[in-house]
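Chains A and B, in that order, are what the protein sequence lines are. In terms of my numbering, the first sequence opens at residue 590 and continues consecutively. In terms of my numbering, the second sequence opens at residue 25 and continues consecutively. Cβ atoms here follow ideal geometry from the backbone N, Cα and C, with glycine treated the same way. Following: one structure in structure tokens, then a few remarks.
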Amino acid sequence: MKIIKRLISSAVAACLLTGATASVADIAIIVNPESGLSSADVKQVASVFLGKRGSISGVSLIPIDQEEGQASRDEFYTKVVNKNASQLNAFWSRLIFTGKGMPPDQVSADAEVVEVVADDPEMIGYVSPGAVDDSVKVILVVQ
Amino acid sequence: MVKPNAKLALLPLAICIASAPALAVTNAELEQRLLEQEKKIKKMERRVKSTRNAVKQNRSRLSDMSSRLKINGFFSSGVTLLDSEDFEFGQLDIDEDYSTSSVTKLGIQMSFQVSDDVSVTGQLVSKGVDNYDVEAEWAYLSWDVTENFTARIGRQRTPYYMLSEYLDVGYAYPWTRPPIEMYNLPLNNTDGLALLYDFNLGDWNFGTHAYIGEGFGDVDALEGSFRLQNKGISFTAETGSWTFRLGYSASEVEVDSIVAGGAGDTLLNGINGNGDVSGLVDFIAGINVASATPGINAIDQVNPLPQEGIETNYLSAAFTYDNGKLLVIGEISNLEVSDFIQPAGDGGYLMVGYRFGKWMPHITYSKFYTDAKNDEQVQEYIDAALNVSKQAPALGLLASLNAGGGADVFTDAQKDATADAIVAGMTKLANNLEPLVQEQDSITLGIVYDINPRVKAKFDITKYNNFGKYNSYTVNVADPALFPATGTVIETELDGYGRFGLTDDADATNIDSSTTIYTFAIDAVF
């Protein structure tokens, strides 16, 4: 497992080094290294962040979001969830004001996402690949 | 000459030379020093770590507080008017004058996480159409029994149709107001228990929502307040861009109080009568008792309007397709009201929109008509009222015989006045019932612009059409005192006005065949 993790991390790092422009737009989905989850697809990740499901492949997950205006957030919602900020707010307003769901908690930067995910085995977050370090495990990179 | 700068450049060398004696120190001493340094560094590291931990704890305590209490809100305002002197839409205060209050709404929702699985939520809404009175539209305690199963107790919006629960949240839907053909139910809250269960199956997400409880509310059109026993269930299924919804609700309604002389009171008294005034039911009974007399024709008795146990059923089916660019929403519904006279029938709409960046133009076709069951029921009362009017001379004679204990004691003028009053009352009843057979359709062209991720501007133009026709009745009785004279009914066909009302200035014999509502709105969520 550790080797795979390292391979992914180094692959990410390689991407960073080789294609600076392409990598700006990448987004890495990260979980705690102890998580039983090692991969996921875009649809599954989107479902978790929209509160439609609380687990992937039987592994319980709690999403941690980033605040509006963060570059990673725009990338993530456009590429993974296929909603822009307005559509996302309309989606959540239908749930919030009918008591059917609350958006995930937010932090204000990639580094904080890494910190939170590293702290809690159930957390799942998204960061720009450059922010990934050994304390978290990457399960998906979306370009 | 050595320049001053050159002196400085020589300084490191000088230091090197000066520290050269340090080389004489033994290795053991060096190691000792290194160890001490390392200890110092470790001590510093520990201090930094504990400071960092303290900061972290502090922050998590703060974020804990802020994540326990969540405050959200929504706001809409704008301006609306319609383009006809004849029409008004009373429920939303829309007429030919610019109105802002009919679009303005403010909602604040506070949700407090009491424990890991229990939260309390209150949503206070102030609306211009209700004179900005603040109303708790939601006030409930929610308990997450398991990850998939939630129970809620308290006040909640009744989930009759797809948009029913968030009708006030303009930001949540594309129009300035959802199609009035379908979304015009006046009684929207249920105080009671709701059970929500959701689960995933492959790529599908399913949700079930069942509820039971009690509702209260005013119906402006009937000028009365009502009490409801509500129950219902809805199912949603989502996969990818698709969402489907099926809903069923049932209410048992009773009249709580009614404004004397108001529309509902007039309707009830016109049909049921009361201690002082005879109604349709009483007149038919009188005629039927005397129907053995030549010249008096029996009339099929109608049911008095119940004031409790009125059953209403709501059925709806809806879908949404949203792939991020293309948005399609469709919904159909059926409302059935048993044994009471309320315009009930089938409604539905189909909306298509396409997003171009921050802009989304959209088009909607919407339709409503009262169904055959409603129309037949209304027609039965109309026919009965007209039959009574036609036999007014017989009722004049019956009143006289009643008063005289079998003797004909009324003068002709008295019989005449009695008969005239009955004709006037029953014709009015028939004419009041006619508009309860309704139909209309509309086409909306709208545009939504995202001002920022939390604020939208919207502009809708909706043209309402095809209101159908209805009859206006007059009953002529040549000589009311002259039994067995009967009256003749004169029907005048008039243009309908659907869900709208006619203004005081409107001439019912010559109204516009359509009307257009223009609405500009700003919607925000925060």
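Membership of residue 180(B) in the beta strand (DSSP E) is indicated by the continuous run 173-181.
For residue 480(B), the chain A residues whose Cβ falls inside 8 Å of its Cβ are 675, in order along the chain.
Judged by beta-carbon spacing, residue 643(A) lies within the 8 Å limit of residue 171(B), meaning their Cβ atoms are closer than that value. Closer than 8 Å to the CB of residue 129(B) there is not a single CB belonging to chain A. Within the segment 707-731 of chain A, no residue has a Cβ lying closer than 7 Å to any Cβ of chain B. With respect to the 8 Å criterion, residue 288(B) and residue 248(B) are classified as neighbours on the basis of their beta carbons. Classified as buried, residue 454(B) has 16 or more neighbouring CB atoms from the shown chains inside 10 Å of its CB.
In terms of CA proximity to residue 230(B), 173(B) leads the group 173(B), 403(B), 294(B). The shortest C-alpha to C-alpha distance from residue 498(B) to any of 411(B), 440(B), 430(B) is the one to 411(B). When rounded, the separation of the alpha-carbon atoms in residue 662(A) and residue 617(A) is 11 Å. Secondary structure of residue 146(B) (DSSP, three-state): strand.
Among the bridge pairs identified by DSSP, residue 216(B) is matched with 178(B), 237(B).
Those residues of the segment 249-265 of chain B placed with their C-beta closer than 8 Å to a C-beta in chain A are 262, 264, ordered along the chain. For the segment 92-108 of chain B, the set of residues with a beta-carbon nearer than 7 Å to any beta-carbon of chain A comprises 94, 96, 98, in chain order.
Residue 102(B) and residue 124(B) do touch by the CB rule: their CB atoms are close to 7 Å apart, below 8 Å. Contacts with chain B at 8 Å (Cβ-Cβ) do not include residue 665(A). Residue 284(B) is bridged by DSSP to nothing; it lacks a bridge partner. Listed in chain order, the alpha helix (DSSP H) elements of length 4 or more contained wholly in the segment 297-338 of chain B are 304-313. When Cβ-Cβ separations below 8 Å define contact, residue 133(B) makes contact with chain A. Residue 159(B) carries a strand assignment under DSSP once its states are collapsed to helix, strand and coil.
In the DSSP annotation of this structure, the continuous segment of the alpha helix (DSSP H) that includes residue 450(B) starts and ends at 436-457. Taking a C-beta distance under 8 Å as the contact criterion, residue 443(B) and residue 419(B) qualify as a contact pair. Between residue 260(B) and residue 212(B), the beta carbon gap of about 19 Å keeps them out of contact (Cβ cut-off 8 Å). Under the criterion of beta carbons closer than 8 Å, residue 544(B) and residue 519(B) do not qualify as touching, at roughly 29 Å.
The beta carbons of residue 149(B) and residue 165(B) sit no closer together than 8 Å. With fewer than three CB-CB distances shorter than 8 Å, the segment 702-720 of chain A does not count as touching the segment 109-129 of chain B. The contact set of residue 623(A) on chain B, defined by CB atoms closer than 8 Å, is empty, because the minimum CB distance reaches about 19 Å. For residue 203(B), no chain A residue has a C-beta closer than 8 Å to its own C-beta; the minimum C-beta separation is roughly 17 Å. The beta-carbon of residue 383(B) is placed no less than 8 Å from the nearest beta-carbon of chain A. For the pair residue 405(B) and residue 365(B), the CB atoms are nearer than the 8 Å cut-off. Buried is the label assigned to residue 254(B), since at least 16 other Cβ atoms lie within 10 Å of its Cβ.
In this structure residue 683(A) is buried. Its beta-carbon is surrounded by 16 or more other beta-carbon atoms within 10 angstroms. Listed along chain B, no residue sits closer than 7 Å to residue 630(A) by beta-carbon distance, the nearest being about 10 Å off.
Residue range 493-500 is occupied by the beta strand (DSSP E) that includes residue 497(B). Residue range 463-476 is occupied by the beta strand (DSSP E) that includes residue 471(B). Within the model, the alpha-carbon separation for residue 198(B) versus residue 264(B) is close to 20 Å.
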